[in-house]
Amino acid sequence: MSVTTLPDAPPADVVAPRSRRRPGRTLLGAGLIVAVLLAGLSVPYIIKDPYTMGLVLEMALLGLPALGIGFLARHLGLISLGHSAFFGAAAYSVGIAVNRWDLSLTAAVGFAVVVGTLVSLVMGVLVVRASGMGFLMLTLALSMALWQLALQTSFRPWTGAHDGLLINAGADASFLGMGPREIQDPGLFWAGVWVSLMGAALVLWLVGRSRFGVLLEGIRENEERMRFSGYGTFLPRLAAFTLTGVVASLGGALFAVNAGYISPDILGFTRAGDSLIAVLIGGPASLAGPLIGTGLFVWAQAHLNFGGNLHLFTGIALILVLVFLPGGLTGAVQRIARALRKGGSR
Amino acid sequence: MAVVLVLGTTLAACGSASSNDSGSDGGDDSTIKIALIPPTSGALAQFGTDAVKGWQVAADMVNAKGGIDGHKVELITKGTDADPATTIRVAKEAVTQDGAQFIGAVMTSPEHAALNAQLAGMGALDFNALGKDDALVGEQCSPNAFHIVQTSSMDLNGLASSIDEMPGDKWAIMAVDYATGHSAADKFTEEAEKAGKTIVSTQFAPLNTTDFGSYITKIKDSGADAVFAVEYGADGVAFVKQAEQFNLSSQVKTVLGFNMVSEPLFPTLGDSIVGYYNNVGYDVNADNDLNQEFVDAYTKANGSAPYYVPADNFLAAETLFAGIEKAGSTDPDDVAAALNDLTFDSIDGSVTLRGADHQLLRPSYLGQVEGSGKDLSFKILSSAEASTTTPEPSADCKM
Amino acid sequence: MNAAQLLNGIALGSLLMVLSSGLAMIYGLRGVTNFAHGALYMSGAYLAYTLSDRLSFWAALVLVPVILAVIGVVLEMVFFRPLQHRSHIELGLITFGLALIAERLVVLIWGEKTLSVDPPPGLTGTTSVLGVDYPTYRLGIIVVALALAAILVMWLRYTRTGLYVRAASQDIETAGIMGIDVNRVSLIVVSFGAALAGLAGTLAAPYVSLDPNMGNSFLIIVLIVVVIGGIGSIGGAMVAGMGLGIIQTVSTVWSPSVAVVVPYVALVVVLLWRPQGLAGKRVS
Numbered sequence: 146m147s148v149t150t151l152p153d154a155p156p157a158d159v160v161a162p163r164s165r166r167r168p169g170r171t172l173l174g175a176g177l178i179v180a181v182l183l184a185g186l187s188v189p190y191i192i193k194d195p196y197t198m199g200l201v202l203e204m205a206l207l208g209l210p211a212l213g214i215g216f217l218a219r220h221l222g223l224i225s226l227g228h229s230a231f232f233g234a235a236a237y238s239v240g241i242a243v244n245r246w247d248l249s250l251t252a253a254v255g256f257a258v259v260v261g262t263l264v265s266l267v268m269g270v271l272v273v274r275a276s277g278m279g280f281l282m283l284t285l286a287l288s289m290a291l292w293q294l295a296l297q298t299s300f301r302p303w304t305g306a307h308d309g310l311l312i313n314a315g316a317d318a319s320f321l322g323m324g325p326r327e328i329q330d331p332g333l334f335w336a337g338v339w340v341s342l343m344g345a346a347l348v349l350w351l352v353g354r355s356r357f358g359v360l361l362e363g364i365r366e367n368e369e370r371m372r373f374s375g376y377g378t379f380l381p382r383l384a385a386f387t388l389t390g391v392v393a394s395l396g397g398a399l400f401a402v403n404a405g406y407i408s409p410d411i412l413g414f415t416r417a418g419d420s421l422i423a424v425l426i427g428g429p430a431s432l433a434g435p436l437i438g439t440g441l442f443v444w445a446q447a448h449l450n451f452g453g454n455l456h457l458f459t460g461i462a463l464i465l466v467l468v469f470l471p472g473g474l475t476g477a478v479q480r481i482a483r484a485l486r487k488g489g490s491r
Numbered sequence: 253m254a255v256v257l258v259l260g261t262t263l264a265a266c267g268s269a270s271s272n273d274s275g276s277d278g279g280d281d282s283t284i285k286i287a288l289i290p291p292t293s294g295a296l297a298q299f300g301t302d303a304v305k306g307w308q309v310a311a312d313m314v315n316a317k318g319g320i321d322g323h324k325v326e327l328i329t330k331g332t333d334a335d336p337a338t339t340i341r342v343a344k345e346a347v348t349q350d351g352a353q354f355i356g357a358v359m360t361s362p363e364h365a366a367l368n369a370q371l372a373g374m375g376a377l378d379f380n381a382l383g384k385d386d387a388l389v390g391e392q393c394s395p396n397a398f399h400i401v402q403t404s405s406m407d408l409n410g411l412a413s414s415i416d417e418m419p420g421d422k423w424a425i426m427a428v429d430y431a432t433g434h435s436a437a438d439k440f441t442e443e444a445e446k447a448g449k450t451i452v453s454t455q456f457a458p459l460n461t462t463d464f465g466s467y468i469t470k471i472k473d474s475g476a477d478a479v480f481a482v483e484y485g486a487d488g489v490a491f492v493k494q495a496e497q498f499n500l501s502s503q504v505k506t507v508l509g510f511n512m513v514s515e516p517l518f519p520t521l522g523d524s525i526v527g528y529y530n531n532v533g534y535d536v537n538a539d540n541d542l543n544q545e546f547v548d549a550y551t552k553a554n555g556s557a558p559y560y561v562p563a564d565n566f567l568a569a570e571t572l573f574a575g576i577e578k579a580g581s582t583d584p585d586d587v588a589a590a591l592n593d594l595t596f597d598s599i600d601g602s603v604t605l606r607g608a609d610h611q612l613l614r615p616s617y618l619g620q621v622e623g624s625g626k627d628l629s630f631k632i633l634s635s636a637e638a639s640t641t642t643p644e645p646s647a648d649c650k651m
Numbered sequence: 019m020n021a022a023q024l025l026n027g028i029a030l031g032s033l034l035m036v037l038s039s040g041l042a043m044i045y046g047l048r049g050v051t052n053f054a055h056g057a058l059y060m061s062g063a064y065l066a067y068t069l070s071d072r073l074s075f076w077a078a079l080v081l082v083p084v085i086l087a088v089i090g091v092v093l094e095m096v097f098f099r100p101l102q103h104r105s106h107i108e109l110g111l112i113t114f115g116l117a118l119i120a121e122r123l124v125v126l127i128w129g130e131k132t133l134s135v136d137p138p139p140g141l142t143g144t145t146s147v148l149g150v151d152y153p154t155y156r157l158g159i160i161v162v163a164l165a166l167a168a169i170l171v172m173w174l175r176y177t178r179t180g181l182y183v184r185a186a187s188q189d190i191e192t193a194g195i196m197g198i199d200v201n202r203v204s205l206i207v208v209s210f211g212a213a214l215a216g217l218a219g220t221l222a223a224p225y226v227s228l229d230p231n232m233g234n235s236f237l238i239i240v241l242i243v244v245v246i247g248g249i250g251s252i253g254g255a256m257v258a259g260m261g262l263g264i265i266q267t268v269s270t271v272w273s274p275s276v277a278v279v280v281p282y283v284a285l286v287v288v289l290l291w292r293p294q295g296l297a298g299k300r301v302s
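Residue numbers (our numbering), protein chains in the order written: chain H, 146 to 491; chain Y, 253 to 651; chain U, 19 to 302.
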């Protein structure tokens with residue numbers, strides 16, 4: 146038996162198989178995303194309190210890597226513990242570009258997304274041949290390697306090692322027309338993050354419904370058959386992996402600009418585990434699942450963390466969901482909805 | 253679609269987004285609200301608990317006297333995992349949700365660095381009694397941050413004059429891989445070489461290192477006969493214990509700890525640390541009335557005498573209260589203005605808060621562990637006045 | 019480079035060896051990557067702290083593996099057996115959740131404070147080996163680990179149960195068809211694997227200091243060791259564990275920055291070059 150070809154490649158229970166696709170549904174879904182995008186822009190006018198707004202912003206920022214993890218699970222059956230690496234690499238890149246090379250914040254974000262994407266491309270080349278547990282282990286190991294590198298004394302001038310990295314954008318910093326004070330104001334920073342999140346959701350939705358998406362699902366269901374049918378499977382997998390890397394990098398870059406400080410913990414094991422747990426609890430089988438899970442996680446982190454017990458609760462929640470609700474919360478809702486529809490049409 | 257329309261009208265009606273009511277002036281100013289954000293998990297949790305005790309004793313003493321100018325003190329105790337991002341989130345929550353105007357008991361230098369960058373936006377003041385990194389009063393300084401604890405430079409200058417009296421010529425440096433560890437190592441190298449000693453080995457271990465075996469082996473191999481160790485909390489314990497297992501003392505005559513050995517660790521460390529030198533931030537036997545009053549109150553409340561962590565946090569509270577008294581107001585901006593160059597009496601004698609970089613000018617001490625069994629304690633070998641230990645305000649600090 | 023550093027590497031390798039052989043056994047049989055293995059190791063160390071405080075270190079050395087074996091039985095009966103038809107990934111993630119819970123429970127019971135355990139009397143101080151004075155206790159770890167490795171290999175080679183374990187690790191379904199009671203073998207293996215984690219924790223208690231993170235930092239390295247060694251190959255995991263311990267310590271002396279990435283690089287290289295691991299069997 147080999148790690149890379151463990152027989153459990155598509156965890157069918159975690160990732161519910163998708164029903165037939167119709168062009169009408171694709172358009173409807175895209176329209177819905179655009180509507181949510183427009184509606185979401187009004188959030189800062191409704192949530193006046195900066196603390197709550199800060200939490201909502203954090204949900205959206207962490208939602209970007211979660212979208213990527215969910216996409217890979219949904220379309221390729223791959224469970225990744227490596228997306229914190231792209232998020233973190235992009236965040237560090239913003240800091241390095243600003244502190245060392247005096248790039249403007251806007252340019253630094255562009256640079257960071259490129260770096261995060263390159264990291265995901267390189268990692269992708271090494272890992273996408275694997276599946277199942279092998280894939281999970283490899284993504285974990287490579288992201289841990291990146292974390293260790295960031296902590297190295299020799300990289301202290303760039304990454305700040307264990308001290309983390311304070312981004313010194315200066316008093317005249319500006320990002321998308323915002324000054325240094327506005328950047329840290331979650332209400333004002335919201336629009337950019339929300340548009341990025343919904344834009345990413347729209348792109349991933351359309352890609353998932355395209356011919357490319359069909360190809361990916363074919364690979365997920367039976368890789369050998371796809372290969373016999375004359376499809377290369379390496380490049381499509383790599384492309385999908387890298388696409389989710391771009392999305393996660395965007396989240397990391399925006400996070401760094403808003404936070405102004407990067408702790409090495411964002412590359413760590415705990416963070417990687419947290420984001421995967423959030424996705425699994427929300428349910429990767431739908432586009433919204435990972436976002437709902439991440440939202441719940443951030444909420445729990447702010448409100449259930451008394452005495453440092455957060456992981457006690459997330460651990461219990463993870464086990465309950467995996468044992469009793471495979472497919473996560475949204476998976477359960479979908480099942481109930483399907484059952485109701487069937488019952489209604491009878 | 254209806255939702256979008258409704259939201260669209262709200263959008264138009266509401267005007268400006270996210271008006272930043274920090275609410276820090278808190279109505280009629282009847283209470284002084286101080287948020288305490290110590291680490292409640294990880295290697296530093298013990299120090300976090302003790303930091304809160306220092307603030308608690310200060311608050312109780314002031315409240316028993318009817319408050320400051322009639323303002324009662326209220327402590328809002330939160331917790332963090334010492335990750336700067338968490339600390340900032342908790343600090344923002346305390347300021348905007350609970351109406352805290354002042355922040356204390358934050359522990360590590362990275363947390364303070366991140367906090368300093370955000371304080372002005374929050375409209376709150378931070379009193380740092382624990383983070384010793386020099387950069388906090390240098391490039392990372394903030395008009396809203398006050399540095400109560402001695403910086404690494406101050407402590408090192410305080411013990412520099414004693415290096416040549418310590419046995420041993422070949423020194424090995426074992427430091428934590430934080431900015432404070434690196435700056436302490438650099439500074440010590442400079443001072444030791446001035447005193448005619450040589451540095452034979454310099455190593456950095458990450459915080460939460462559990463196996464010091466290969467580091468200790470390297471120290472032994474370097475032929476060192478003295479060790480300068482900058483290891484905190486649990487790491488210090490692991491280092492001392494494992495050095496004992498490796499019988500390092502057969503070769504090394506002097507161990508000079510820097511922020512390594514402190515009273516709460518004495519029972520765990522035991523007799524193996526007798527004779528160790530360490531900087532001492534606070535002299536529990538200092539002969540002044542304020543200190544006696546504090547030591548009595550603290551001992552009564554907690555069953556043991558204070559050491560530098562609770563004492564420095566108590567001193568932070570004293571500083572804040574002196575500022576409020578001088579300002580005649582609890583408004584953070586007024587208090588900050590009143591504290592500039594303010595001299596006041598404290599448990600550490602007469603101290604001055606330097607306006608240029610917000611460093612509190614206070615003495616540094618060098619101690620040596622003496623006694624045995626349950627009666628280990630620090631003997632204060634020397635004390636150095638702030639005028640001799642404190643560097644000039646850094647040019648990088650722009651208030 | 020000198021003998022003391024080599025011994026440091028062997029001591030670390032010994033711990034990795036004991037820990038990863040248990041993980042490899044469970045992995046080989048149930049196909050589950052037991053993310054809770056680090057938590058079992060940590061619980062073992064904390065139990066050893068309490069037991070050596072109340073009784074003696076030697077009592078802890080015997081009792082802790084027994085307690086952990088019972089926990090292993092619970093793990094098998096409550097999770098692995100009822101959920102064996104689920105995908106391996108799901109089971110792995112469930113153990114991940116268990117690890118999170120265990121870590122917190124340890125904090126709630128023993129507190130956040132870092133604890134330390136003294137080596138038992140008789141093993142304190144140093145002993146002269148290969149021309150260097152080396153801590154006696156660490157030599158003790160090496161001896162215990164090597165003896166254990168020998169016993170384990172003999173057990174697998176020369177006993178009937180050992181034969182069943184090997185057969186079931188190769189192909190659990192065929193083994194079942196051939197009349198081996200797979201559930202019984204699995205129960206033995208999971209409880210024995212947990213006991214080994216407890217033993218590693220006990221051995222580590224006077225070696226390192228105890229903090230709630232000690233499991234996590236070891237877990238990833240041990241997972242890597244098992245994959246490098248080859249899935250289902252206990253011998254491979256042992257050799258890889260010892261090898262990685264030595265290489266890592268030796269390279270720390272040479273260059274700490276390189277040392278920390280050694281396990282990760284080794285993993286990638288092995289998986290690209292020999293995906294089944296060093297001692298893994300070819301996929302049919």
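For each residue, glycine too, the CB sits at the ideal point set by N, CA and C.
Status (buried if at least 16 other CB within 10 Å, exposed otherwise) for Thr262 (chain H): buried
Where Lys344 (chain Y) sits in the DSSP three-state scheme: In the structure shown, Lys344 (chain Y) sits in a helix (DSSP, three-state: H, G or I).
Which of helix, strand or coil DSSP assigns to Leu612 (chain Y): strand
Ser276 (chain Y) burial status per 10 Å Cβ neighbour count (16 or more: buried): For Ser276 (chain Y), the predicted structure reports a pLDDT of 39, less than 50, and the residue's modelled location is therefore unreliable. A value from the coordinates is still provided. The C-beta of Ser276 (chain Y) has 16 or more other C-beta atoms within 10 Å across all chains shown, which makes the residue buried.
8 Å Cβ cut-off: residues of chain H touching Tyr282 (chain U): Residues of chain H with a Cβ closer than 8 Å to the Cβ of Tyr282 (chain U) are, in chain order, Ala286, Leu287, Met289, Ala290 and Gln293.
Inter-residue Cα distance where the pair is Leu24 (chain U) and Leu217 (chain U): Between Leu24 (chain U) and Leu217 (chain U), the C-alpha separation is close to 23 Å.
Below 7 Å on C-beta distance, what does Ser473 (chain Y) contact in chain U? According to the sequence as given, residue 473 (chain Y) is Asp; it is not Ser. Here the neighbours are Asn20.
Exposed unless 16 or more other CB atoms sit within 10 angstroms - verdict on Asp514 (chain Y): Per the sequence shown, residue 514 (chain Y) should be read as Ser rather than Asp. The residue in question, Ser514 (chain Y), is buried, as its Cβ has 16 or more Cβ neighbours within 10 Å.
Looking only at C-alpha atoms, which of H:Asp194, H:Gly309, H:Val188 and H:Ser225 sits nearest to Gly532 (chain H)? The displayed coordinates of chain H run from 146 to 491. Any statement about residue 532 (chain H) would go beyond what the structure contains.
Helix, strand or coil at Glu326 (chain Y) according to DSSP, with G and I counted as helix: strand
Of the choices U:Pro293, U:Asp136 and U:Gln266, whose alpha-carbon is the least far from that of Ala495 (chain Y)? Considering only alpha carbons, the answer is U:Asp136.
Starting from the C-beta of Thr144 (chain U), find all residues in its chain whose C-beta is less than 7 Å away, skip the five residues before and the five after it, and write them out in chain order. Asp151, Tyr152, Pro153 and Thr154
Classification of Ser38 (chain U) by the beta-carbon crowding that lies within 10 angstroms, buried from 16 upward: With 16 or more other Cβ atoms within 10 Å, it is buried.
Would you list the one or two residues that DSSP bridges to Gly509 (chain Y)? Under DSSP, Gly509 (chain Y) takes part in a beta bridge, and its partners are Y:Ala481 and Y:Asn530.
How long is the line joining the alpha carbons of Asn201 (chain U) and Gly305 (chain H), rounded to whole angstroms? For the pair Asn201 (chain U) and Gly305 (chain H), the Cα-to-Cα distance works out to about 51 Å.
Are there three or more Cβ pairs, one per stretch, closer than 8 Å when the region 322 to 333 of chain H is compared with the region 292 to 312 of chain H? no
Which of helix, strand or coil DSSP assigns to Lys422 (chain Y): strand
Buried/exposed call for His228 (chain H), threshold 16 Cβ in 10 Å: buried
For chain H, is any of its Cβ atoms less than 9 Å away from the one on Leu288 (chain Y)? no
Find the nearest neighbour of Val472 (chain Y) within the set Y:Val482, Y:Ser501, Y:Lys344 and Y:Glu483, judged by alpha-carbon distance. The question names Val, but residue 472 (chain Y) is Lys in the sequence shown. Among Y:Val482, Y:Ser501, Y:Lys344 and Y:Glu483, the Cα nearest to that of Lys472 (chain Y) belongs to Y:Ser501.
Does the separation of the CB atoms of Thr220 (chain U) and Pro83 (chain U) fall below 9 Å? yes
Please classify Gly601 (chain Y): does DSSP put it in a helix, a strand, or coil? In this structure, DSSP gives Gly601 (chain Y) an extended state, which the three-state scheme calls strand.
For a contact meaning CB atoms closer than 7 Å, what does Met60 (chain U) contact in chain Y? Within 7 Å Cβ-Cβ: nothing; Met60 (chain U) doesn't reach chain Y, min ~11 Å.
Determine whether the beta carbon atoms of Lys271 (chain U) and Ser466 (chain Y) lie at a separation below 9 Å. Note on residue identity: the sequence assigns Val, not Lys, to residue 271 (chain U). Cβ atoms of Val271 (chain U) and Ser466 (chain Y): closer than 9 Å.
Can you confirm whether Ile422 (chain H), when its beta carbon is compared against all beta carbons of chain U, has any partner nearer than 9 Å? Under the 9 Å criterion on CB atoms, Ile422 (chain H) is classed as interfacial with respect to chain U.
Determine the direct distance from the alpha carbon of Ile249 (chain U) to that of Ser147 (chain H), and round the result to whole angstroms. Because Ser147 (chain H) carries a pLDDT of 38, less than 50, the predicted location of this residue cannot be relied on, and the following value inherits that uncertainty. Taking the straight line joining both Cα atoms gives about 7 Å.
Counting only Cβ-Cβ distances shorter than 7 Å, please list the residues of the region 449 to 463 of chain Y near chain U, keeping chain order. Asn460, Thr462 and Asp463
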